[in-house]
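Structure, as structure tokens:
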Amino acid sequence: MNASTPRQSPAEGDQDAELLSRTARDLPTGRHQFHKEHLMARIQQLQTSQQEEHGGRPGGPARTRRLRLPRPAVTLPALAAGLAAAVVAGVVVNDGGGVADGGVATGPGLTTEIGAASSEGVPQLLDRISLAAAASGHPTVEPGQYVYVESRTADTFLRTVGGTTTLASHEPHRRQVWRSADGTKGRLVDPAVNDSAEGETLSLPDERGNTPVADLNSPSYDYLAGLTTDPDKLLATIYKETRGMGNTPDQQAFTTIGDLLGESYPPAELYSALFRTAAKIPGVVVVDDAVDAAGRHGVAVARLDEASGQREEWIFDRKTHVFLGERVVQVKRNTGTEALLKPGTVVFTSAVLKRAVVNGIKETPTASQEG
Amino acid sequence: MRTRVRAGDPSAFAELFDTYARAVYNHAFRLTADWSTAEDVMAATFMEAWRLRARVDPEGGSLRPWLLGIATNTARNQYRSNRRYRRAASAAAAAESAVPDHAEEVAARVDGGRRLAAALTALAALRRPEREVVALCLGEGLDYEAAAAALGVPVGTVASRLSRARRKLRALSAAQAAPGARPPRPAGAPAAASRKEVRGIREGARPARQTRGDHTHAIRPAQEGNR
Numbered sequence: 001m002n003a004s005t006p007r008q009s010p011a012e013g014d015q016d017a018e019l020l021s022r023t024a025r026d027l028p029t030g031r032h033q034f035h036k037e038h039l040m041a042r043i044q045q046l047q048t049s050q051q052e053e054h055g056g057r058p059g060g061p062a063r064t065r066r067l068r069l070p071r072p073a074v075t076l077p078a079l080a081a082g083l084a085a086a087v088v089a090g091v092v093v094n095d096g097g098g099v100a101d102g103g104v105a106t107g108p109g110l111t112t113e114i115g116a117a118s119s120e121g122v123p124q125l126l127d128r129i130s131l132a133a134a135a136s137g138h139p140t141v142e143p144g145q146y147v148y149v150e151s152r153t154a155d156t157f158l159r160t161v162g163g164t165t166t167l168a169s170h171e172p173h174r175r176q177v178w179r180s181a182d183g184t185k186g187r188l189v190d191p192a193v194n195d196s197a198e199g200e201t202l203s204l205p206d207e208r209g210n211t212p213v214a215d216l217n218s219p220s221y222d223y224l225a226g227l228t229t230d231p232d233k234l235l236a237t238i239y240k241e242t243r244g245m246g247n248t249p250d251q252q253a254f255t256t257i258g259d260l261l262g263e264s265y266p267p268a269e270l271y272s273a274l275f276r277t278a279a280k281i282p283g284v285v286v287v288d289d290a291v292d293a294a295g296r297h298g299v300a301v302a303r304l305d306e307a308s309g310q311r312e313e314w315i316f317d318r319k320t321h322v323f324l325g326e327r328v329v330q331v332k333r334n335t336g337t338e339a340l341l342k343p344g345t346v347v348f349t350s351a352v353l354k355r356a357v358v359n360g361i362k363e364t365p366t367a368s369q370e371g
Numbered sequence: 001m002r003t004r005v006r007a008g009d010p011s012a013f014a015e016l017f018d019t020y021a022r023a024v025y026n027h028a029f030r031l032t033a034d035w036s037t038a039e040d041v042m043a044a045t046f047m048e049a050w051r052l053r054a055r056v057d058p059e060g061g062s063l064r065p066w067l068l069g070i071a072t073n074t075a076r077n078q079y080r081s082n083r084r085y086r087r088a089a090s091a092a093a094a095a096e097s098a099v100p101d102h103a104e105e106v107a108a109r110v111d112g113g114r115r116l117a118a119a120l121t122a123l124a125a126l127r128r129p130e131r132e133v134v135a136l137c138l139g140e141g142l143d144y145e146a147a148a149a150a151l152g153v154p155v156g157t158v159a160s161r162l163s164r165a166r167r168k169l170r171a172l173s174a175a176q177a178a179p180g181a182r183p184p185r186p187a188g189a190p191a192a193a194s195r196k197e198v199r200g201i202r203e204g205a206r207p208a209r210q211t212r213g214d215h216t217h218a219i220r221p222a223q224e225g226n227r
């Protein structure tokens, strides 16, 4: 076996090629000759029939039927090849800027005004937000029910095609997620992620047959309901569970809480506690003005990731202090390829439009169920 | 050779078959996890090659990548769903890792069966596009350009699929090497102790499963954390 692929260290190649070393063997005795003879006979047969067609002498009915036999096996691969070709063509056509996936309109990048940040008044603002959250009265999710979150989301990213890296984005589009209370069933409909408009099932087990176990990064409702609501203990849990992830422990803790705000529906006590916990993370600031993916302006609680120069902002209604959405904005200049993400670029933005508890996957809430 | 293939010279196809039947057969096995299906795919591949002969580029090197590309498409039609591949792989893995009755059975053979079972388990842990790239690049040793041409995708796609697949394979072999984690654990068996071990290690590989649609992964590993 000549398993040598360029652009990889020999050790790496050896290790992975070694894995497949036993997947190579000869054909069973006699089968090589059998298939070869079969192939040659078929080729001769096809050649003969082609000559007959060109000569204007159609073959008899029996022969025609015999020739039809291999068709299904032949048509399907041809179809697949055709599809593959179509995909390649699509990418080439869009080389100038956008991406043609899932029917999401694309553009060269999203930008925004960078709001002024201040470390003053952070605890006070988070306190008010926390009080508003405690009063929100989130419903309980019973076994068999689903948390439904509908959001409007967009993002900007670097795309490399043929060695050239350009800025590309998914324009704002609707994203819907359903997750069962225990987290084992779910559905995602997001044209920027899914290949089909039907979305994809998040029902598991995964590729390895493991039933998912909820954790802080993929929390189920049941998992959230079991978390402590004591801010100090909660923060300790977050640091412990996210150890080694992200650029810095503080940023990762902030991001983890942000993800819980965006696409889950925690019990009100925990929801409120999340903000009191965030107030204990060093480096959190208030941004005077930020706009969410749905165009709603508000005040933001934010934290700058020094490593990437990007600021994650949680946007709240200025008066009611209700959570509107979150976004990640490039605020510092980068170097290298990353410099394409200029300050003012919205790397990611998501506005929560609907959150509800529903009784089935794909079921959308009625007006009275929305929270 | 390319000219003769394009012209439909039967002796050229006889040569192609003699030279590449084994490679196509092995490649098909990696994509179907079944030796007998692999044989069918191999036979269908050469028939299909005959049908598509006019599309062969007159210029170029070995026709092996072209044949492997056709085999990939043919195998894909055999197993439309990954679920079916995983069933076949786990059945084959179980058969291969079964310890033979005879004590004098050479240890090397037993070891070979285990390693084949490990390979199938690893391949089954991948998504189909990743598995195809692994089979082409690692199994058959194609370079990125050849694999890209065989699959009809950009070179960058091959590179990214391969690196994602490598990460998954790493995580898997790390999990298997971990003490207390027995590799061929039947799906659904509780094995709570080893589950914990495996999950702890899987955490590191998590971004690999979440890459789709997760363009801000550098600082937001949980962006697509709903999966």
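Keeping their order, the protein sequence lines are chains A and B.
Mapping the first sequence onto UniProt numbering, position 36 (from 1) lands on 36, and the numbers just tick up by one.
Mapping the second sequence onto UniProt numbering, position 177 (from 1) lands on 177, and the numbers just tick up by one.
Don't be surprised by glycine CBs; every beta carbon is placed ideally from N, CA and C.
Of all residues in the stretch 64-75 of chain B, only 70, 73, 74 come within less than 8 Å of chain A when Cβ atoms are compared, listed by chain position. Nearest neighbour of residue 162 of chain A by Cα position, chosen from B:166, B:50, B:21, B:157, turns out to be B:157. Assigned with DSSP and collapsed to three states, residue 234 of chain A falls in helix. For residue 23 of chain A, a Cβ of chain B is located within less than 8 Å of the residue's own Cβ.
The residues 234, in chain order, have a CB closer than 6 Å to that of residue 228 of chain A in the same chain once the five nearest residues on each side in sequence are set aside. Listed in chain order, the non-local C-beta contacts of residue 296 of chain A below 6 Å within the same chain comprise 324, local neighbours out to five positions each way being set aside. Residue environment: residue 74 of chain B is assigned as buried (16 or more neighbouring CB atoms within 10 Å of its CB, all protein chains considered). Annotated as distal: residue 197 of chain A and residue 145 of chain A, with beta-carbon spacing of 8 Å or more. By DSSP's assignment, residue 178 of chain A forms a beta bridge with A:148, A:187. For residue 69 of chain B, the uninterrupted alpha helix (DSSP H) run begins and ends at 64-78, by DSSP. One alpha carbon belongs to residue 291 of chain A, the other to residue 298 of chain A, and they sit about 6 Å apart. According to the DSSP secondary-structure assignment, residue 298 of chain A is paired through a beta bridge with A:290. Where residue 356 of chain A is concerned, the enclosing beta strand (DSSP E) starts and stops at 346-358.
For the C-beta of residue 39 of chain B, the chain A residues within less than 9 Å are, from N- to C-terminus, 27, 28, 31, 35. The secondary-structure analysis by DSSP pairs residue 315 of chain A across a beta bridge with A:300, A:325. For the pair of segments examined, the stretch 110-130 of chain A was found to touch the stretch 279-286 of chain A: the number of CB pairs separated by less than 8 Å reaches three. Using beta-carbon distances, residue 162 of chain A counts as an interface residue toward chain B, with a partner under 8 Å. DSSP, read as helix, strand or coil, puts residue 134 of chain B in helix.
Counting other Cβ atoms within 10 Å of its Cβ, residue 29 of chain A stays below 16 and is therefore classed as exposed. DSSP places residue 218 of chain A within a strand segment (E or B) once states are collapsed to three. Under DSSP, the beta-bridge partners assigned to residue 117 of chain A are A:287.
Where residue 262 of chain A is concerned, the enclosing alpha helix (DSSP H) starts and stops at 249-262. According to the DSSP assignment, residue 40 of chain B belongs to the alpha helix (DSSP H) that extends over 35-51. Counting along the chain, residue 277 of chain A sits inside the alpha helix (DSSP H) bounded by residues 268-278. Look at residue 142 of chain A here: in three-state DSSP terms it is coil, with no helix or strand label. Interface flag for residue 20 of chain A against chain B is set, since a Cβ pair is found closer than 8 Å.
Within the same chain, Cβ atoms closer than 6 Å to the Cβ of residue 88 of chain B are found at 33, 34, the five residues on either side in sequence being excluded.
Against chain A, the beta carbon of residue 25 of chain B has neighbours under 7 Å at 27, listed in chain order. Taking C-beta atoms as the reference points, residue 92 of chain B and residue 24 of chain B fail to come closer than 8 Å.
Residue contact check for residue 42 of chain A against chain B: a CB pair falls below 8 Å.
In chain order, 187 place their CB closer than 6 Å to the CB of residue 201 of chain A, counting only its own chain and leaving out the 5 sequence neighbours on each side. From the listed residues A:280, A:255, A:342, the smallest Cα separation to residue 314 of chain A is found for A:255. The shortest CA-to-CA distance from residue 20 of chain A to any of B:8, B:18, B:1, B:135 is the one to B:135.
Against residue 61 of chain B, chain A offers no close residue; the least beta-carbon distance is about 14 Å (beta-carbon pairs closer than 9 Å). Residue pairing for residue 200 of chain A: DSSP places it in a beta bridge opposite A:188. When DSSP reads this structure, residue 164 of chain A sits in a beta bridge with A:161.
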